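The sequence shown runs contiguously to residue 462 in our numbering.
For each residue, glycine too, the CB sits at the ideal point set by N, CA and C.
It should be emphasised that the depicted structure is a prediction, and the values quoted were computed from it without experimental measurement.
For reference, the structure discussed in these notes is given below.
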Amino acid sequence: MHSAYKHVVGVALLLALMLSSCTRQPAPIPLPQQSGELVVAMRLSPTTVYRDSSGELAGPDYELVSAFAAWQGFRLRCVFFERDRQVLEALDHGQAHMAASGLTVTEAARTVARFGTPYQQRRQVVAVRRDDPRPADRLSELATRRGWIAADAPQLRQLQANGEQRDGRLVVADASGAVDALQQVNDGERDFAVVDSLLLARMRHWLINLEQAFVLPGERPVAWAFPRYGDQALFAAAEEFLRRARTDGTLLSVYDRHFGHLQRLESSDIDQMLEFRLSRLPQYRELFRQAGQISGIDWHWLAALAYQESKWDPQATSYTNVRGIMMLTESTAEQMGVNNRLDPRQSIFAGARYLAGIVESLPASIQLEDRLSMALAGYNLGEGHLRAGRRLAAAMHLDPDTWAGVKRALPELARPDIAARLVSGPARGGEAVILVENVRSYYEVLSAAESSPLTRRSRFEFYRTPPVAADPIIW
-12 MHSAYKHVVG
-2 VALLLALMLS
8 SCTRQPAPIP
18 LPQQSGELVV
28 AMRLSPTTVY
38 RDSSGELAGP
48 DYELVSAFAA
58 WQGFRLRCVF
68 FERDRQVLEA
78 LDHGQAHMAA
88 SGLTVTEAAR
98 TVARFGTPYQ
108 QRRQVVAVRR
118 DDPRPADRLS
128 ELATRRGWIA
138 ADAPQLRQLQ
148 ANGEQRDGRL
158 VVADASGAVD
168 ALQQVNDGER
178 DFAVVDSLLL
188 ARMRHWLINL
198 EQAFVLPGER
208 PVAWAFPRYG
218 DQALFAAAEE
228 FLRRARTDGT
238 LLSVYDRHFG
248 HLQRLESSDI
258 DQMLEFRLSR
268 LPQYRELFRQ
278 AGQISGIDWH
288 WLAALAYQES
298 KWDPQATSYT
308 NVRGIMMLTE
318 STAEQMGVNN
328 RLDPRQSIFA
338 GARYLAGIVE
348 SLPASIQLED
358 RLSMALAGYN
368 LGEGHLRAGR
378 RLAAAMHLDP
388 DTWAGVKRAL
398 PELARPDIAA
408 RLVSGPARGG
418 EAVILVENVR
428 SYYEVLSAAE
438 SSPLTRRSRF
448 EFYRTPPVAA
458 DPIIW
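Shown next, in the form of structure tokens:
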């Protein structure tokens, strides 16, 4: 009996060991100071990190964490997960040194991770279809409608109290499903979605049936996350990096580069552009494409600039005698060898070459997106006024190598006391800022509208990580 008992116990212990080996977590990764590698857990999203049209990683959180890794002298390795919960679990299990994924600081999240000082405050909004005939300005009015909300949203309890969940009208899901939820609202499959305001502003340029119904009260802090009992030196370094980024304008510049233009267009502006895309653009699309190939600038940018300037009207003329589809001045036309500004071919090709020349004249150290924004301002103001604006930005202790810095300085060029000190004289810099941000918005709308349905679907795939099992996807 005693021998049999020992046998049973031995088998039980063996089974326990086998089970523990099946569920055992991988060994924690070494500290970045030891390996020279900073491992960052992330989730793809249009407002944090995504793959651009060439498949490269981009986005504000990716830019910031890349700069942080470089500042610390570490190689960066991004580990992608499908859900925020998995991102936090990676920290808790020692599989990442930090998370930079636009995580919202909640009490539940604090139980598994340590958060740094918030670097953003986000608002929640209700997104609806523009043609929904039932206006709403409070949550209680949505009780009978088909909706979507993230499981960690503070408004969830109120919606459930309204009886939304009793018959399946309200879908409660992980925040990673917000893009799909907006697509469903856009397509009429759902009536509303409670989402981040920045996400809705971003997606409206691609899902053109969406609009914001109302803003929900309160703000949600967003911060980098770290293991609760992780490396204190890394945590302190990240805090110092973000403190400097707030102070020197880096944080402002990064977010402006990605989102500074999103609030410029009204729904009616987008509607008109899409209407003219069908009625006017077909006559000139091939010219824009050819000009893009010659100049090296994506033709959608050239077409967006032309739309902002002339609404694709080759006969357009301003009160200052700027004329043609690209609205060339007499001096620019002469410089570019144009003898008829009303000739669409001459105007488009000259405008493309002129814009490309301004881009090339700017320091190569400036990020391409910032160079293009500055070049668009120079197209509107003239290169002399652009140079004056960059010098003024430096004098104002702003960064002259970022669009975020320059756009704050340009409106000052209209002030008589400042213009009197400039060789280039006064300029309507505020108008140039509006032009640039309108063009950036029109570019996004046009490039989405011009893409095929397959390409349009793949655009959203840039924001999704395929489902993960035990192992995350390593990028």
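#1: Note down, in chain order, each residue of its chain lying with its Cβ closer than 8 Å to the Cβ of residue 189, except the 5 sequence neighbours on either side.
#2: Should residue 298 be labelled buried (16 or more other beta-carbon atoms within 10 Å of its own) or exposed?
#3: For residue 464, name the three-state secondary structure that DSSP assigns.
#4: Skipping 5 residues on each side, what residues in its chain have a beta carbon closer than 7 Å to that of residue 43?
#5: The beta strand (DSSP E) that contains residue 314, what's its start and end?
#6: Three or more C-beta pairs closer than 8 Å, one from the region 335 to 353 and one from the region 266 to 285: is that the case here?
#7: If you draw a straight line from the alpha carbon of residue 97 to that of residue 252, how long is it in whole angstroms?
#8: Which one of 55, 14, 51, 37 has the shortest CA to CA distance from residue 24?
#9: Whole angstroms is fine: what's the gap from residue 61's alpha carbon to residue 104's?
#10: Please go through the same chain and pick out, in chain order, the residues whose beta-carbon is closer than 8 Å to the beta-carbon of residue 445, but skip the five residues on each side of it.
#11: DSSP state of residue 86, grouped into three classes?
#12: Any contact of the region 165 to 178 with the region 225 to 236, i.e. 3+ C-beta pairs under 8 Å?
#13: From the DSSP output, in three-state form, read off residue 366 for me.
#14: Assuming residue 475 and residue 325 are in contact, meaning their beta carbons sit under 8 Å apart, how far apart are those beta carbons, in whole angstroms?
#15: Using CA coordinates, which residue listed in 242, 332, 175, 367 is at the minimum distance from residue 389?
#16: Over what stretch of residues does the beta strand (DSSP E) that includes residue 253 continue unbroken?
#17: Mapping the DSSP letters down to three states, classify residue 101 as helix, strand or coil.
#18: Return the first residue and the last residue of the alpha helix (DSSP H) that residue 331 is part of.
#19: Take residue 152 and list the residues in its own chain whose beta-carbon comes closer than 6 Å to its own, dropping the five residues that flank it on each side.
#20: Note the first and the last residue of the continuous alpha helix (DSSP H) segment covering residue 274.
#21: Only counting the same chain, and skipping five residues up and downstream in sequence, which positions put a Cβ closer than 8 Å to that of residue 403?
#22: Can you give me the Cβ contacts of residue 428 inside the same chain, cut-off strictly under 6 Å, excluding the 5 residues immediately before and after it?
#23: State the Cα-Cα distance for the pair residue 134 and residue 198, rounded to the nearest angstrom.
#24: Locate the beta strand (DSSP E) running through residue 208, then write down its first and last residues.
#25: Quick one: complete alpha helix (DSSP H) runs, 4+ long, within the region 32 to 77?
#26: Output the distance between the C-alpha atoms of residue 359 and residue 411, rounded to the nearest integer angstrom.
#27: How is residue 139 classed by DSSP in three states: helix, strand or coil?
#28: For residue 232, collect the residues of the same chain with a Cβ closer than 6 Å to its Cβ; drop the 5 residues on either side in sequence, then sort them by chain order.
#29: Are residue 86 and residue 211 touching if we call contact CB-CB under 8 Å?
#30: So what does residue 260 bridge to, in DSSP terms?
#31: Could you say which of 348, 254, 352, 437 lies nearest to residue 273 if we only look at CA atoms?
#32: What span of residues does the beta strand (DSSP E) with residue 166 cover, start to end?
#33: How many Å lie between residue 255 and residue 174 at the Cα?
The answer reads as follows:
#1: Correct list, in chain order: 33, 34, 246, 249.
#2: exposed
#3: This structure gives no information on residue 464, because the portion of the chain shown stretches from -12 to 462.
#4: Closer than 7 Å at the Cβ level, and outside the excluded window around residue 43, lies no residue.
#5: Residue 314 -> no beta strand (DSSP E), and no H or E assigned at all.
#6: yes
#7: Rounded to the nearest whole angstrom, the C-alpha separation of residue 97 and residue 252 is 38 Å.
#8: 55
#9: 22 Å
#10: Unreliable placement is indicated for residue 445, whose pLDDT of 43 sits below 50; no coordinate value is reported for it.
#11: strand
#12: No, they do not touch.
#13: helix
#14: Within the shown structure, residues of the chain are numbered from -12 to 462, placing residue 475 beyond reach of any answer.
#15: 242
#16: Here residue 253 belongs to no beta strand (DSSP E), and DSSP marks it neither H nor E.
#17: The answer is strand: DSSP assigns residue 101 an E or B state.
#18: 331 to 348
#19: Since pLDDT at residue 152 reaches only 48, below the 50 mark, its modelled position is unreliable, and the value read off the structure follows with that caveat. Closer than 6 Å at the Cβ level, and outside the excluded window around residue 152, lies no residue.
#20: 272 to 282 is the extent of the alpha helix (DSSP H) around residue 274.
#21: Within the same chain, 413 come within 8 Å of residue 403 by CB-CB distance, once the 5 residues on both sides are set aside.
#22: 248, 251, 252
#23: Answer to the nearest angstrom: the Cα atoms are 15 Å apart.
#24: 207 to 209
#25: Within the region 32 to 77, the alpha helix (DSSP H) runs of at least 4 residues that lie entirely inside it are, in chain order, 47 to 59.
#26: 22 Å
#27: coil
#28: 238
#29: yes
#30: In the DSSP secondary-structure assignment, residue 260 is not bridged to any residue.
#31: 437
#32: Per DSSP, residue 166 belongs to no beta strand (DSSP E); it is in the alpha helix (DSSP H), 165 to 173.
#33: 19 Å
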